[in-house]
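Residues are numbered in my numbering as their position in the sequence shown, beginning at 1, plus a constant of 284.
The structure appears below as structure tokens.
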Amino acid sequence: MNAFTPKQEIGHEKTWRAAAAAENVQRRVRRPGLQDVVGRVPSRGGTFGVRYRFTAVRRPTVWFAILLAVSQAAAQSTARPVAGKGAQANTLLVYANARRAYSLVDGLESLKLRLERVATHLDCVALSNAVPERIWGADYVVVYCPQICSELPKDFLRRIAGTNRPVLWVGFGADQLEQWVPFKEQFEVSPFAAGTAVTNVSYDGRDWDVTIDPWIPATLGTNSASAVLMSFQQQVHDRLITRPLCWKTAHVTFFAAEPSGGTVGFLFEDLLLDFYQATDIPTRRVFLRIEDYHCHCDHRGFRRMVDYLFARGHPFMVAVILAYRDPSTGEFLELDSQPEFADTLRYAQQRGGRLVVQGKTRTDQIESRDAREWWDAELDRPIASETARSLRERLQQDVRAMLRRGIFPLAWETPRYAASSAVYPEVARVFPTAVERVQLSDATGLAKSEIGGLTADRYGRLVVPENLGYVLDTPVHFVAAIKARAEVLTQLRGTVAGCFIHSYQPVEKLIALVETLEGFHVPFLDLADLDNRVEVPGALLLTGNSQRAIDFRNATIRWKAYDRAGHLLAETQEPTAASGERTFKRKGVGVYELIEFDEAP
Numbered sequence: 285m286n287a288f289t290p291k292q293e294i295g296h297e298k299t300w301r302a303a304a305a306a307e308n309v310q311r312r313v314r315r316p317g318l319q320d321v322v323g324r325v326p327s328r329g330g331t332f333g334v335r336y337r338f339t340a341v342r343r344p345t346v347w348f349a350i351l352l353a354v355s356q357a358a359a360q361s362t363a364r365p366v367a368g369k370g371a372q373a374n375t376l377l378v379y380a381n382a383r384r385a386y387s388l389v390d391g392l393e394s395l396k397l398r399l400e401r402v403a404t405h406l407d408c409v410a411l412s413n414a415v416p417e418r419i420w421g422a423d424y425v426v427v428y429c430p431q432i433c434s435e436l437p438k439d440f441l442r443r444i445a446g447t448n449r450p451v452l453w454v455g456f457g458a459d460q461l462e463q464w465v466p467f468k469e470q471f472e473v474s475p476f477a478a479g480t481a482v483t484n485v486s487y488d489g490r491d492w493d494v495t496i497d498p499w500i501p502a503t504l505g506t507n508s509a510s511a512v513l514m515s516f517q518q519q520v521h522d523r524l525i526t527r528p529l530c531w532k533t534a535h536v537t538f539f540a541a542e543p544s545g546g547t548v549g550f551l552f553e554d555l556l557l558d559f560y561q562a563t564d565i566p567t568r569r570v571f572l573r574i575e576d577y578h579c580h581c582d583h584r585g586f587r588r589m590v591d592y593l594f595a596r597g598h599p600f601m602v603a604v605i606l607a608y609r610d611p612s613t614g615e616f617l618e619l620d621s622q623p624e625f626a627d628t629l630r631y632a633q634q635r636g637g638r639l640v641v642q643g644k645t646r647t648d649q650i651e652s653r654d655a656r657e658w659w660d661a662e663l664d665r666p667i668a669s670e671t672a673r674s675l676r677e678r679l680q681q682d683v684r685a686m687l688r689r690g691i692f693p694l695a696w697e698t699p700r701y702a703a704s705s706a707v708y709p710e711v712a713r714v715f716p717t718a719v720e721r722v723q724l725s726d727a728t729g730l731a732k733s734e735i736g737g738l739t740a741d742r743y744g745r746l747v748v749p750e751n752l753g754y755v756l757d758t759p760v761h762f763v764a765a766i767k768a769r770a771e772v773l774t775q776l777r778g779t780v781a782g783c784f785i786h787s788y789q790p791v792e793k794l795i796a797l798v799e800t801l802e803g804f805h806v807p808f809l810d811l812a813d814l815d816n817r818v819e820v821p822g823a824l825l826l827t828g829n830s831q832r833a834i835d836f837r838n839a840t841i842r843w844k845a846y847d848r849a850g851h852l853l854a855e856t857q858e859p860t861a862a863s864g865e866r867t868f869k870r871k872g873v874g875v876y877e878l879i880e881f882d883e884a885p
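Laid out in structure tokens, this is it:
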């Protein structure tokens, strides 16, 4: 028999929603009014495999009210933490070079993304432009030297030594501060990198398996007052010595390595919370995203995925491909012509699915048409295939089609995480939230960020990082890499650990993934809780604490509020036409608030 009857699969939104909420509060405890639904899961080949169990509820109204109160009482901040000097604090990033020698990886851009884990105003200048006024006017100063620095300007070194601002020195060049007060006789640092890699460090009271290369050898003086923040043991002849990798002397914190991707970057981000004396650090979160869902997917199999996640009480994301090219006819199939596709998206939204627009057109072939519209993977270079205006109009058309059907997209995902730098500003005008790994530069599409939590990129987007990888299309060990990376991230402060599973994968693999993530006892991120804004001509969608100023001319304004499942709660229309600038903020009704406006000619 099938896992669900058609009535269960298509209807009963309130019933399933109450069941998932109940599971989220107390998953293992049986309660009156609940019954088990047991089904068999079909594998990709069509045979039935493992049995799984999740819960339905007979009386959703009472449970929903109770759980709504519980969720409101337990609500915690999901925004980026604030620096100790306040939300308006300024960080001055002074760089000697943008990247390591002989590397295409933009280390400066990667560092900026890590610094943006804490919400400050970030100002970036070359060392030659770091005049005294810039340093004195900053609340925090970060110095970045990814290459060997033969001789830094003495005036600059004097200003760093004499400032009363917290300073973070990353990379080479710290040896040139040794003779300046207050650093004299406190430490000795090599001007060169070591010839071997570090494979284990001590940080925050525990050992971490991590490969760090390059790193700069340093030793602390016998009577040094420096505080060691991160260290490792090195074999020297017949004995082990402890070397500092990160330490604080007076007002300067030194990090004697390149905070590249992987574990070392995540540890560096955790250090930043102390450097900034950050407050309002959010609770750790995990998320999973169902990838590449389009109109020719197995909708029944997708609904099984949705039902399982819903019954477990976990919000999730769905990366939606809105346009599909039929390989047999060459016809483009879009949302308005695919009612079952639209209904299934709404079904997912009602059960905790948060929709992310995946910017490509899908075919049944290996390569999609838009894969080359965004980035030439073969030549590893950008492609200017359309103007900024045509791209923006295409995005706006897609969003309008979703809004017309009561489907609310909240974020964007760049295809393969690679596109020309000319694309991102246009995307950001429609979707200021992105769920992806950020491409660091146009030099290569292979260098992408691995950030451990919410950050902001150079285009002003809020970035929800995918940093765990994806479920492999293999019979065994398909979540091993995800588990290993999550074991690191879920032990650090304020992190968001995200992964994805393709929509064609069998439900058994989804179950294994969810059970792996549940094992870390970290709540799942609900994208709708973040400060999302989606804007197209004539419509503005807001969640969280997002706001937007719009200049009107004789406009009719309608306001609508929807609950977390996308059900309409309230709507009003302003009695008179509006002109001039208006700032819209959420009124706090429901989760989604939609402002629609028509301007008179």
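Glycine is no exception: its CB is placed at the ideal position from the N, C-alpha and C atoms.
Measure the Cβ-Cβ separation of residue i and residue j and say whether it is below 8 Å.
i, j, result
"residue 692", "residue 636", "no"
"residue 736", "residue 539", "no"
"residue 724", "residue 394", "yes"
"residue 428", "residue 392", "yes"
"residue 504", "residue 530", "no"
"residue 707", "residue 820", "no"
"residue 782", "residue 829", "no"
"residue 402", "residue 569", "no"
"residue 533", "residue 440", "no"
"residue 390", "residue 731", "yes"
"residue 575", "residue 785", "yes"
"residue 537", "residue 399", "no"
"residue 797", "residue 572", "yes"
"residue 727", "residue 562", "no"
"residue 498", "residue 541", "yes"
Do you know how far the Cα of residue j is from the Cα of residue i?
i, j, result
"residue 739", "residue 526", "33 Å"
"residue 396", "residue 722", "12 Å"
"residue 861", "residue 834", "14 Å"
"residue 511", "residue 755", "41 Å"
"residue 690", "residue 629", "10 Å"
"residue 495", "residue 871", "48 Å"
"residue 625", "residue 589", "15 Å"
"residue 518", "residue 468", "25 Å"
"residue 564", "residue 418", "28 Å"
"residue 866", "residue 824", "12 Å"
"residue 500", "residue 363", "34 Å"
"residue 480", "residue 524", "15 Å"
"residue 608", "residue 678", "14 Å"
"residue 856", "residue 374", "41 Å"
"residue 488", "residue 535", "20 Å"
"residue 680", "residue 696", "12 Å"
"residue 928", "residue 869", "Within the shown structure, residues of the chain are numbered from 285 to 885, placing residue 928 beyond reach of any answer."
"residue 622", "residue 851", "21 Å"
"residue 842", "residue 414", "49 Å"
"residue 716", "residue 431", "34 Å"
Might you give, ordered along the chain, the residues of its own chain that have their beta carbon closer than 6 Å to the beta carbon of residue i, omitting 5 neighbours on each side?
i, result
"residue 599", "636, 808, 810"
"residue 748", "719"
"residue 686", "693"
"residue 812", "638, 827, 875"
"residue 580", "608"
Apart from the five residues on each side of it in sequence, which residues of its chain come closer than 7 Å, Cβ to Cβ, to residue i?
i, result
"residue 604", "577, 629, 639, 640, 641, 642"
"residue 712", "743, 744, 745"
"residue 853", "845, 846, 847, 873, 874"
"residue 416", "443"
"residue 547", "492, 494, 772"
"residue 313", "Its pLDDT being 35, under 50, residue 313 is placed unreliably in this model, and the value from its coordinates should be taken loosely. Result list for residue 313: empty, nothing under 7 Å."
"residue 838", "861, 863, 883, 884"
"residue 610", "617"
"residue 763", "755, 796, 797, 800"
Skipping 5 residues on each side, what residues in its chain have a beta carbon closer than 8 Å to that of residue i?
i, result
"residue 700", "655, 658, 659, 661, 729"
"residue 586", "574, 577, 628, 632, 787"
"residue 422", "374, 375, 376, 407, 449"
"residue 544", "389, 391, 394"
Should residue i be listed as close to the ligand ATP, given that the test is whether its C-beta is under 7 Å from any heavy atom?
i, result
"residue 362", "Summarising the ligand content, the structure contains no ligands, and the ligand ATP is consequently not present."
Three-pair Cβ contact test at 8 Å for the segment 375-382 versus the segment 409-423: yes
Three-pair Cβ contact test at 8 Å for the segment 762-777 versus the segment 435-446: no
Cβ pair count under 8 Å reaching 3, the segment 512-519 against the segment 444-461: no
Length at least 3, wholly inside the segment 465-513: the beta strand (DSSP E) runs in chain order: 471-473, 482-487, 490-496, 502-504
Segments assigned alpha helix (DSSP H), at least 4 residues, entirely inside the segment 653-720: 655-658, 672-688, 707-714
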